[in-house]
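In short: position in the sequence shown from 1, add 16, done, that's my numbering. Virtual Cβ for every residue (Gly too), placed ideally from N, Cα, C. A quick note: this is a predicted structure, and the numbers were derived from the prediction, not measured. Okay, structure first, notes after.
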Amino acid sequence: MTEAVRVERRGAVLEITLDRPKVNAIDIETSRKLGHAFCLLRDDPDLRVGIITAAGEKIFSAGWDLKAAAAQNLVGKWWKHDYGPGSFAGLTELWDLNKPVIAAVNGLCIGGGWELALAADLIIASEHVEFSLPELPLGIVPDSGGVQRLPKRLPYNIAMEILLIGRRMPVQEAAHYGLVNKVVPKEKLMETAREWADTIATGAPLTVQALKECVRSMEAVSVEDSFKLIRSGTMKTYEAADSSSDAKEGVKAFAEKRKADFKGG
Numbered sequence: 017m018t019e020a021v022r023v024e025r026r027g028a029v030l031e032i033t034l035d036r037p038k039v040n041a042i043d044i045e046t047s048r049k050l051g052h053a054f055c056l057l058r059d060d061p062d063l064r065v066g067i068i069t070a071a072g073e074k075i076f077s078a079g080w081d082l083k084a085a086a087a088q089n090l091v092g093k094w095w096k097h098d099y100g101p102g103s104f105a106g107l108t109e110l111w112d113l114n115k116p117v118i119a120a121v122n123g124l125c126i127g128g129g130w131e132l133a134l135a136a137d138l139i140i141a142s143e144h145v146e147f148s149l150p151e152l153p154l155g156i157v158p159d160s161g162g163v164q165r166l167p168k169r170l171p172y173n174i175a176m177e178i179l180l181i182g183r184r185m186p187v188q189e190a191a192h193y194g195l196v197n198k199v200v201p202k203e204k205l206m207e208t209a210r211e212w213a214d215t216i217a218t219g220a221p222l223t224v225q226a227l228k229e230c231v232r233s234m235e236a237v238s239v240e241d242s243f244k245l246i247r248s249g250t251m252k253t254y255e256a257a258d259s260s261s262d263a264k265e266g267v268k269a270f271a272e273k274r275k276a277d278f279k280g281g
């Protein structure tokens, strides 16, 4: 029997693979395992970037394991049950994870599977990928990012079409709207994701984390208030990055026309 969540270190990159045949559905135990994997990324100073992907090429994830939820009587205020750190799928509500996560999507991305991908910072997808939020006919709301994140990233009418009609969005359309960063042949998916992760990992670690902290903190405030926030001294990661040895090293290396040697502090 395969491990539902596989974790592999590759230098400064943590690769997390969802492997739960047949459709990589996420039950409460799998969600907890995903949460612990993302917490490992968050807490280990030697790790700088995460990749979330799934086994197989047909289905990235069908989302919430509805059969398990029904059997365990988890339907109705499901979030009151312990789905682990980060709530559903470990990432959708992990607000203190400042390290970037790349979703490498390799098949149908449905319901909670799409919500997991939406929680990532970058999405690279294979050419055959389709996205869908088919919850409405089931009488449930896609409340792990579907109603929260999708309308912020799509035109209102398109988001409502996806939510109300439940049609599948081809990856080319998703790329058109900027929901996907890059579309690649399936055999190039992990190669591309690893290239991107390695590029990010060469940056000053605190600066990378500060970028994510800033963008997340300023998402719902005005430009003026964003400037006030970043000057307030309350953003801990930004403050640490701004006065770090790496910041001094980066500027010095530029002046000396050499590659910076970032230490992470």
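By the 16-neighbour rule on beta-carbons within 10 angstroms, Gln225 is buried. Following the DSSP letters along the chain, one finds Ser148 in no alpha helix (DSSP H) but inside the beta strand (DSSP E) bounded by residues 146 to 148. Around Ala256, the same chain offers Leu222 as residues with beta carbons nearer than 6 Å, after the five sequence neighbours per side are excluded. Under DSSP, Thr69 takes part in a beta bridge, and its partners are Thr33. Each of Ala191, Glu203, Ala217, Ala135 was checked against the Cα of Arg232, and the nearest Cα belongs to Ala135. Taking a 10 Å sphere around the C-beta of Glu229, we find 16 or more other C-beta atoms and assign the residue as buried. When rounded, the separation of the alpha-carbon atoms in Val39 and Ile75 is 6 Å. Rounded to whole angstroms, the separation of the alpha carbons of Ala70 and Ala191 is 20 Å. Going by DSSP, Phe278 is part of no alpha helix (DSSP H) at all; its letter is neither H nor E. In this structure, Ile118 sits near Val65, with a CB-CB distance shorter than 8 Å. Closest option to Phe278, judged by alpha-carbon separation, among Ala84, Thr33, Ile216: Ile216. Counting C-beta atoms within 10 angstroms of its own C-beta, Met176 has fewer than 16 neighbours from the protein chains shown and is therefore classed as exposed.
In terms of Cβ geometry, Gly92 and Gly128 do not form a close pair [threshold 8 Å]. The Cβ atoms of Leu63 and Leu30 sit closer than 8 Å to each other. In the DSSP assignment, Pro186 is bridged to Glu146. Leu56: member of the alpha helix (DSSP H) spanning 44 to 59, first to last residue. Residue pairing for Ser77: DSSP places it in a beta bridge opposite Cys125.
Taken atom to atom, the span from the alpha-carbon of Gly219 to that of Ala87 is near 46 Å.
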